[in-house]
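Taking it in order: structure first as structure tokens, then the write-up.
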Amino acid sequence: MPEGPSLAELGEEGLLKRLAVHAPPDQWSDDAALLPELQGQRWVISSDALVQGVHFSEATTPAWSTGWRAAAANLSDLAAMGCRSCAGITVALAAPGRTSALWLEQVYSGMNQLLQDHGGTLLGGDCSRADQVMLAITAIGPVDPARQVRRGDGRPGDALVVTGTHGLSGLGLQWLLGNALSTSELSEATIQQAIRAHQRPQPRFDAIEALHASQPPRMPWRVGGTDSSDGLRRSLELISQASGCRAELDPAALPQPISRGDDAVMKALCLDGGEDFELVLALDQTWADALVQALPSATIIGQLVDHRGPPCWSDTKKPLPDGRGFEHFNQRSD
219 MPEGPSLAEL
229 GEEGLLKRLA
239 VHAPPDQWSD
249 DAALLPELQG
259 QRWVISSDAL
269 VQGVHFSEAT
279 TPAWSTGWRA
289 AAANLSDLAA
299 MGCRSCAGIT
309 VALAAPGRTS
319 ALWLEQVYSG
329 MNQLLQDHGG
339 TLLGGDCSRA
349 DQVMLAITAI
359 GPVDPARQVR
369 RGDGRPGDAL
379 VVTGTHGLSG
389 LGLQWLLGNA
399 LSTSELSEAT
409 IQQAIRAHQR
419 PQPRFDAIEA
429 LHASQPPRMP
439 WRVGGTDSSD
449 GLRRSLELIS
459 QASGCRAELD
469 PAALPQPISR
479 GDDAVMKALC
489 LDGGEDFELV
499 LALDQTWADA
509 LVQALPSATI
519 IGQLVDHRGP
529 PCWSDTKKPL
539 PDGRGFEHFN
549 QRSD
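So for the sequence shown, the numbering used here puts the first residue at 219; every next one is plus one.
Now the structure itself:
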């Protein structure tokens, strides 16, 4: 094998930068790929590989929910690009020969149910033998060429909007793993909501519909955005870097799973828990105000400013507490 830096040394972002030189400029800068316009329509294609032990575990996610989550991750990428629906998905399955056929049938049943609820069909795929289960899913959906959502379309002065609470999925995962949490203030309803958020996330096509419905008259379409699969902090970094801005957050508006004052655990889950699959959007303040009126789950959490740098608090300009969103090949976990 040729010598050079390892994947653990490069990290996911470093690896993608090295590989991106083989693709057209700016092709890899968003949640999914945009095909060229054809007869007034563009198509978005998203691919995700989900590996047992990395993305899902039988200890925390039943087979049916594994299928649901796998498909939801791909449909979330379509929504993050501005798609209002999904045309369908293909699934490439790799698994050991000892894998239960019934377990796989339940996985595919979960995928199919998500598609029934949100649109699209299971178009086909492939299967192969492997040492562990892996699902490689490709999703495709239509987007209006004039109403795309791109990470680099944020501008200084834009309001930052999230379409829902962040940290619920992480809270649900920690509960399912039995990790120590301060549970005295967690109601049974909150626990069940958190477990559901982890096992059955919802791609936010409804938020894209609300975005269309709330667009102020005569205001041009310009929306920066991404989804929060890798955590809220990481989403803000991606939008900021692509837009040439810095994200400043209102500490009082942080969309935590539950409000318990200056709770470091809940704050960390909110910023870095990941897998909430909400949308994080940057848009004109007037439009943002209209959006949160149209979408009750949405919240304005800060704004983009004409500076570069990592996200910080709007009141003190101090950086966010230490932490990082999910990144493959992170040396701390490899």
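Idealized CB from N, CA, C, for every residue including glycine. The structure presented is a predicted model; accordingly, all values stated were derived computationally and were not measured.
By the beta-carbon neighbour count (other beta carbons within 10 angstroms, threshold 16), serine 387 is buried. Glutamine 521: member of the beta strand (DSSP E) spanning 517-523, first to last residue. The three-state secondary structure of serine 346, taken from DSSP, is strand. Counting along the chain, the unbroken beta strand (DSSP E) around alanine 310 starts and ends at 306-313.
By alpha-carbon distance to alanine 289, the top candidate from Ile355, Asp533, Val269 is Ile355.
Annotation note: the segment 438-505 contains the following uninterrupted alpha helix (DSSP H) runs of length 4 or greater, listed N- to C-terminal: 450-461, 482-490. Residue pairing for valine 379: DSSP places it in a beta bridge opposite Leu499, Ile518. In this structure, the beta-carbon distance from glycine 443 to leucine 487 does not fall below 7 Å.
In the DSSP assignment, arginine 526 falls outside any alpha helix (DSSP H), carrying neither H nor E.
In the DSSP assignment, isoleucine 355 forms a beta bridge with Asp266, Val309. For the options Leu332, Val367, Thr381, the alpha carbon positioned closest to that of alanine 251 is the one of Val367.
Distance from the CA atom of serine 265 to the CA atom of glycine 306, rounded to whole angstroms, is 12 Å.
Counting the other CB atoms within 10 Å of its CB gives glutamine 410 a total below 16, which places it among the exposed residues. In this structure, phenylalanine 495 places its C-beta atom within 7 Å of the C-beta atom of serine 447. Taking C-beta atoms under 8 Å as the contact rule, valine 379 and leucine 509 qualify, at a distance of about 6 Å.
With respect to the C-alpha of leucine 332, the residue from Leu456, Trp286, Ala226, Asn397 having the closest C-alpha is Trp286. Beta-bridge analysis with DSSP links arginine 236 to no other residue. Between the segment 519-529 and the segment 470-479 there are three or more C-beta pairs closer than 8 Å, enough to call the two in contact. Distances from the alpha-carbon of threonine 534 to those of Asp507, Glu466, Gly462, Pro220 put Glu466 closest. Threonine 284 carries a helical assignment under DSSP once its states are collapsed to helix, strand and coil.
In the displayed model, valine 325 falls within a helix according to three-state DSSP. Rounded to whole angstroms, the Cβ separation of serine 458 and proline 529 is 7 Å, and the two are in contact under 8 Å.
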